[in-house]
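A quick write-up on the structure given underneath.
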Amino acid sequence: MLLSQESPPLEAPAETSNTKTKTILNLLQGCNTLKKLHKIHACVITAGLLNHPAISTKLLNFCAVSVSGSLLYARLLFYQIHNPQIDHWNSIIRGFSRSSSPIQSIFFYNQMVSIPTGSRPDTYTFSFVLRACERVILPLADSKRKEVHGTVIRSGYDRDFVVCTNLMRSYTGNGSIENARKVFDEMPARDLVTWNSMISCYAQAGFHYEALKTYDLMRIENVGVDGFTLVGLLSSCAHVGALNLGIEMHRLARESGFLNRNIYVGNALIDMYAKCGNLEAALSVFDGMKKRDIFTWNSIVVGYGVHGRGLEAIEFFKKMVMDGVNPNSITFLGLLCGCSHQGLVQEGVKFFNLMLSKYNIKPEIKHYGCMVDLLGRAGKLKLALDIINSCPSQNDPVLWRTLLGSCKIHKNVEIGEIAMRNLVQLRASNAGDCVLLATIYGEVNNADGVSTMRKMIKSQGIKTTPGWSWMEINGQVHKFVVNDISHPDINEIYMKLREVIQEVTLLGYVEEDSMSLVSLKGFSGEGYCWGNGSYHSEKLAIAFGISRTPVGTCLRITKNLRVCRDCHSFTKFVSKAFNREIVVRDRVRFHHFKDGECSCKDYW
1 MLLSQESPPL EAPAETSNTK TKTILNLLQG CNTLKKLHKI HACVITAGLL
51 NHPAISTKLL NFCAVSVSGS LLYARLLFYQ IHNPQIDHWN SIIRGFSRSS
101 SPIQSIFFYN QMVSIPTGSR PDTYTFSFVL RACERVILPL ADSKRKEVHG
151 TVIRSGYDRD FVVCTNLMRS YTGNGSIENA RKVFDEMPAR DLVTWNSMIS
201 CYAQAGFHYE ALKTYDLMRI ENVGVDGFTL VGLLSSCAHV GALNLGIEMH
251 RLARESGFLN RNIYVGNALI DMYAKCGNLE AALSVFDGMK KRDIFTWNSI
301 VVGYGVHGRG LEAIEFFKKM VMDGVNPNSI TFLGLLCGCS HQGLVQEGVK
351 FFNLMLSKYN IKPEIKHYGC MVDLLGRAGK LKLALDIINS CPSQNDPVLW
401 RTLLGSCKIH KNVEIGEIAM RNLVQLRASN AGDCVLLATI YGEVNNADGV
451 STMRKMIKSQ GIKTTPGWSW MEINGQVHKF VVNDISHPDI NEIYMKLREV
501 IQEVTLLGYV EEDSMSLVSL KGFSGEGYCW GNGSYHSEKL AIAFGISRTP
551 VGTCLRITKN LRVCRDCHSF TKFVSKAFNR EIVVRDRVRF HHFKDGECSC
601 KDYW
């Protein structure tokens, strides 16, 4: 017997064709394993119903799309179907678009459109093949996507919201954000999903300023928002430090009721406030949430960590465990980050060991990186080196670069050279690494070492990473780059910066460059205190903020690089001279400057 005894008989003599069809469709409706499907498939064949549209579609859809299915079996089944219809093509194209071999989805699409009298692509076909294009490596994906885009236009689907949304996502997935925006702009009408998709595309590509500008257009066109809009915009606010706009999103979430019924909006709000430097507001949102998940708790733990408040991160972790929430790898990343920034060596080592011993969480490369940073900052450079050597991924350049940074703090030439040697062997060295090692050489009066690093940069054509800073003023996000000349108010900014430098110099500020013991001429680049540091991006942002905001207003700046020593010193003096609180979020942590002091207590 092909089916279990509980299954209805399929071969009753008096059974009509319609009854057989209905019975098989009912069996397929309740099918939940591949083994059952094999039995039903056999009965379909013996009943001569394989080419029945509804039956063959359900059979194929189960194999291609269900988690219990099999794409290999789906392929065999597909080729048994005479004259496949659009639903058959869509099932097989969809199944492979989500598989580990998305290129097969494109192959089936090619077969479909190559049949002159065959089925024509519809909304679903285009959506599935575009998803496959997003997941296939370049350049094949790019050419195929453009070809599909052309077919979309010729077929009249360029007015279809779903197809255009998937086109935008596919272009963005392969780095073509300009083409995604072109699709968006050429749509004759847009729904909320389309707007959300454009915001998501910009955020995914790292164009957070553009994501926020898209929201401005939404308001002009009187488009409302939903939970997806709020989550996307809050993510971009978090990345660029746009606190005021984030507060506006908070108001919208509260008034529209999303805050109470959408946990993702609440989590995004906590993350935004923490990354914009307002942990008190983040905690307020946390306390008001009726439902919380691991992401909710982690946002606070990580928030404490990046703000350098390691002890509070530990206390919150204890509260989390007492509440019955099991930590994950992100939780421990926040704890280790907090321990590193506060110099809590013993606590950091304890939590690193607890990951595997108590919670069965295998440390990842970022956890090892935190340990290298923790031990290195504390001056335990040999132990940090041992951590790298014990790491399963010791060939990751981030570990060696972190160690090199610690060697700069403690002026350790020997281990610094080991770190640099490994970076060179991994072919991962950059100008920043050369500058770091040259700084160490310079501080121990090793002019030959400085010269070697200078020659290395020139001979290999290594370039520094451009430094930039974001600042939000009156709801507008402004971007500054090192030695900026692009800002529309740049003349005003430089004039104000010179005034600020004069004021802080009277209080004792001395530019870091002038304190160098060895001439480091020839090096420049934001993030390192060589060359003229007067015009680093955060200095320009500070000058602009002072000139455009009322006295006493807190200035909030987000950077893509670590704060250099000179800018750190400069910002401390500015906070005292102008009675300003200045919050700077750099690539690693937060610095809260007030009354001439920094929250990091110069441990960074």
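Residue numbers (UniProt numbering): 1 to 604. Just so it is clear, CB atoms sit at the ideal spot from N, CA and C, and this is done for glycine as well.
In this structure, the CA atom of Tyr215 is about 21 angstroms from the CA atom of Ser176. Within the DSSP bridge table, the entry for Trp468 names Val481 as partners. Just measuring C-alpha positions, the residue of Arg261, Tyr202, Asn244 and Val193 sitting nearest Phe228 is Val193. When secondary structure is reduced to three states using DSSP, Arg309 falls in the coil class, being assigned neither helix nor strand. Secondary structure note for Ile582: its beta strand (DSSP E) is the uninterrupted segment Ile582 to Arg585. Residue nearest to Gly310 within the set Gly288, Ser284 and Gly343 is Gly343 (criterion: CA-CA distance). When Ala189, Leu28, Pro188 and Val240 are compared, the shortest CA-CA separation from Leu212 is found for Val240. With a cut-off of 8 angstroms on Cβ pairs, the segment 351-360 is not in contact with the segment 377-386, counting fewer than three such pairs. Looking at Thr465, Trp604 and Gln425, the one whose alpha-carbon comes closest to that of Pro397 is Gln425.
Residue state for Arg556 is assigned as strand, using DSSP reduced to three classes. Contact annotation, Leu59 with Leu77: C-beta distance approximately 6 angstroms; criterion of less than 8 angstroms satisfied.
Put simply, the backbone Cα of Thr296 is about 24 angstroms away from that of Tyr202.
The beta-carbon separation of Cys370 and Leu333, rounded to 7 angstroms, stays under the 8 angstroms limit for a contact. By the beta-carbon neighbour count (other beta carbons within 10 angstroms, threshold 16), Thr117 is exposed. In the three-state scheme derived from DSSP, where H, G and I count as helix and E and B as strand, Gln502 is classed as helix. Of Met249, Leu540 and Asp293, the smallest CA-CA separation from Met495 is found for Leu540. In this structure, Ser329 sits near Glu364, with a CB-CB distance shorter than 8 angstroms. Sequence-distant Cβ neighbours of Glu255 in its own chain, meaning closer than 8 angstroms and more than five residues away, do not exist here.
Residue environment analysis places His38 among the exposed positions, since fewer than 16 neighbouring C-beta atoms fall within 10 angstroms of its C-beta. In the three-state DSSP reduction, Phe593 falls in the strand class (E or B).
Between Ile270 and Val285, the C-beta gap is smaller than 8 angstroms, which places the two residues in contact. Glu147: member of the alpha helix (DSSP H) spanning Leu140 to Arg154, first to last residue. A Cβ-Cβ contact shorter than 8 angstroms links Asn267 with Ser299. In this structure, Arg548 and Ile473 form a Cβ contact; the two beta carbons are roughly 5 angstroms apart against a cut-off of 8 angstroms. Contact between Arg585 and Lys559 holds, with the beta-carbon distance rounding to 7 angstroms and staying under 8 angstroms. Within the same chain, and ignoring the five residues on either side of Glu210 in sequence, the residues whose Cβ sits closer than 6 angstroms to its Cβ are Tyr202.
Only residues of its own chain outside the window of five on either side were considered, and among them Lys572, Phe573, Ser575 and Lys576 have a CB closer than 7 angstroms to the CB of Gly596, listed in chain order.
When rounded, the separation of the alpha-carbon atoms in Gly206 and Gly432 is 22 angstroms. Under DSSP, Ile473 forms a beta bridge with Gln476.
In the three-state scheme derived from DSSP, where H, G and I count as helix and E and B as strand, Cys598 is classed as strand. Cβ neighbours of Gly348 within its own chain (closer than 6 angstroms, five residues either side excluded): Leu336, Cys339 and Leu374. Per DSSP, reduced to three states, the secondary structure at Val193 is helical. Annotation for Val477: Tyr209, Leu212, Val240, Ala242 and Trp470 place their beta carbon closer than 7 angstroms to its own, counting only its chain and skipping 5 residues before and after. With respect to the 8 angstroms criterion, Ser406 and Gly467 are not classified as neighbours on the basis of their beta carbons. Going by beta carbons, Phe126 and Val148 fall inside the 8 angstroms limit. In terms of Cα proximity to Val450, the closest of Cys598, Lys458, Gln460 and Thr439 is Thr439.
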